[in-house]
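>
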Amino acid sequence: MSIGIIVEFWFKPGSEGAALLTSTMQERLSSVTRTYDGCEHVHLYTDPDNANHLILLQRWESREKYDKYRDWAMAQSGTEQLLPLLERDMSTRYFDDTGV
């Protein structure tokens, strides 16, 4: 059964974090993430009330396949540039698909 994942980003006000994440995802989503083994869906959303708050909504075949992708993504140079721009640590939440 698939797993739903929400990754939440809160960037420091006045930082380039949201723009950098958006451009990184524009480069990565079509060519890498959406074609990565196990990825069923991924989309980046911006909070309309706070441009520094973004979420990635994802669905993967399994937690193991997502963890493999996450490990790859965290090792990329673009990710290293984002971390100091965060106001707080990224939040990752996992949800089991109920099949409903």
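Here the sequence shown is numbered in my numbering, starting from -4 and rising by one per residue. Beta carbons: idealized from backbone N, C-alpha and C, even for Gly. All of these numbers come straight from a predicted model, not from anything done at the bench.
How many angstroms separate the CA atom of E141 from the CA atom of Y89?
Residue 141 is absent from the structure shown; the chain starts at -4 and stops at 95.
> Applying the criterion that 16 or more other CB atoms from any shown protein chain within 10 Å of the CB defines a buried residue, is Q21 buried or exposed?
On the sequence shown, position 26 is the one that residue 21 refers to. Under this definition Q21 is an exposed residue.
> Give the secondary structure of Y89 by DSSP, where H, G and I count as helix, E and B as strand, and everything else as coil.
Position 94 of the sequence shown, counted from the start, is the residue given in the question as residue 89. Y89: strand per DSSP, three-state reduction.
> Taking one C-beta from the segment 40 to 52 and one from the segment -1 to 14 each time, how about it: are there three or more such pairs within less than 8 Å?
These segments touch.
> In the structure shown, what three-state DSSP assignment does Y31 receive?
As a first step, residue 31 must be located in the sequence shown, where it is residue number 36. Looking at Y31 - three-state DSSP - the assignment turns out to be coil, as it is neither helix nor strand.
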